Amino acid sequence: MATQNNTVTEISADGVIERELTAEEFAEIKSEQDRLAQEKADADAKAKADADAKAALLERLGITADEAALLLG
Amino acid sequence: MATTTNYGWTTPDDTDLVKDGAAAIRTLGSSVDTTTKALNPETTTGDIAYRSATADTNTRLALGTAGQVLTVNSGATAPEWATPSGGGLVFIQKGTFSASAAVNVNTCFSSTYDNYRILVKVTGASVANGEVRLRMRSATTDNSTSNYNYQRLYAQSTSVGGSSATNQTSAIMGPQNTALSWNVTDMSSPFLAENTLYSTVSSYNQTHIDNFSGAHKVASSFDGFTMFPDAGTITGEVWVYGYAK
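Sequence lines, in order, name chains A and B.
For the first sequence, the numbering used here assigns the number 22 to the initial residue and increments by one for each residue that follows.
For the second sequence, the numbering used here assigns the number 40 to the initial residue and increments by one for each residue that follows.
Written as structure tokens, this is what we have:
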């Protein structure tokens, strides 16, 4: 489980300052991270569904993945 | 009249009269004094002397100012002090970050340069196998509009792949992992009111390479950028350089 840290690092010519994210900044980053996590979950789910569908099709055809690749050239 | 070998100072002949010795010594001393002064024209601390076009006469070169370096003049005839040019790639700023949810790099872009190089070393992350996301920034505010496009090309061992995305609210700057990762980004025209383009070469896990190319596709001027992990926090260091125009 990821831990959500509240630290933001401000870097400028004057130096480096570490401070806590404001509520607005925290919400913005959290929103983006949640969106990215959802995208990744959707992509993983699609990849798994594709793999499952492929395995099912190969089973119906009664051939292996290597044999299917051979057929497709 | 006898003279010395190197500087031709006049010395008494063996047959000169002793009574003329004082005058001869004065003449010789005066000659030595004149030559010595001609060879040592320095007058002030830090002065140096160099050979002039006239034999046995040096020219004084006054000390330069702080930061200047000794170089040869444009006519290639004499040394001179000059302020060194900045070189092709000029350091702007750097900073370290530790367990940060976001790293804001502020006021690093300006009219001084058009194009920039950004180096990011991520030495640790709280979540494995993630991404460092990128947003452009202006006046300490992130630009999170859906104007980021990017293309990814990666390879690990014999596996090669790619992906792309458009109209995103952030771009990818590079991968990050709990192990060391290294990202080299070149960025075009962030401060100019143009599209900002970037390309990154990233290395992590010692065997994995990631290339990213992307853009903020709306003409805008930015004075900084923000990096943040897609989950958790990151620790590391960032350097920003400007390419001389």
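Every residue, glycine too, gets a C-beta built ideally from N, C-alpha and C.
Since we're looking at a predicted model, the values are computed, not measured.
Contact with chain B is absent for GLU45 (chain A), since none of that chain's Cβ atoms lies less than 7 Å from the residue's Cβ. One Cα belongs to ALA70 (chain A), the other to ALA58 (chain A), and the distance between them is close to 18 Å. In this structure, ARG90 (chain B) lies near ASN97 (chain B), with their beta-carbon atoms less than 7 Å apart.
Annotated as proximal: HIS255 (chain B) and TYR187 (chain B), with beta-carbon spacing under 7 Å. Secondary structure note for ALA48 (chain A): its alpha helix (DSSP H) is the uninterrupted segment 44–82. Annotation: the continuous beta strand (DSSP E) that includes VAL111 (chain B) extends over 108–111. When C-alpha distances from ASP153 (chain B) are compared across B:ASP225, B:VAL111, B:GLN190 and B:GLY253, the shortest belongs to B:ASP225. Contact between LEU102 (chain B) and THR122 (chain B) is absent: CB atoms are separated by about 14 Å, not below the 8 Å threshold.
In the three-state DSSP reduction, LYS284 (chain B) falls in the coil class, being neither helix nor strand.
Here THR75 (chain B) is not bridged, per DSSP, to any residue.
For ALA63 (chain B), the secondary structure class from DSSP, reduced to helix, strand or coil, is helix. What ASP249 (chain B) touches in chain A, judged by beta-carbon distance under 8 Å, is nothing: the nearest beta carbon there is about 16 Å away.
With a cut-off of 8 Å on Cβ pairs, the stretch 250–267 of chain B is not in contact with the stretch 123–132 of chain B, counting fewer than three such pairs. Here DSSP, grouped into helix, strand and coil, assigns GLU31 (chain A) to strand. By the C-beta criterion, the stretch 233–243 of chain B is judged to be in contact with the stretch 204–224 of chain B, since at least 3 inter-stretch pairs fall below 8 Å.
Residues of chain B with a Cβ closer than 8 Å to the Cβ of ILE50 (chain A) are, in chain order, ALA140, ALA141 and PHE267. Using beta-carbon distances, ALA34 (chain A) counts as an interface residue toward chain B, with a partner under 7 Å. Within the same chain, ASP225 and TYR280 come within 6 Å of ARG156 (chain B) by CB-CB distance, once the 5 residues on both sides are set aside. Only residues of its own chain outside the window of five on either side were considered, and among them ASN188 have a CB closer than 6 Å to the CB of THR205 (chain B), listed in chain order.
Across the stretch 142–160 of chain B, CB contacts with chain A closer than 7 Å involve VAL142, ASN143, VAL144, ASN145 and THR146, in sequence order along the chain.
Contact with chain A is found for SER209 (chain B), since one of that chain's Cβ atoms lies less than 7 Å from the residue's Cβ. Classified as buried, ALA140 (chain B) has 16 or more neighbouring CB atoms from the shown chains inside 10 Å of its CB.
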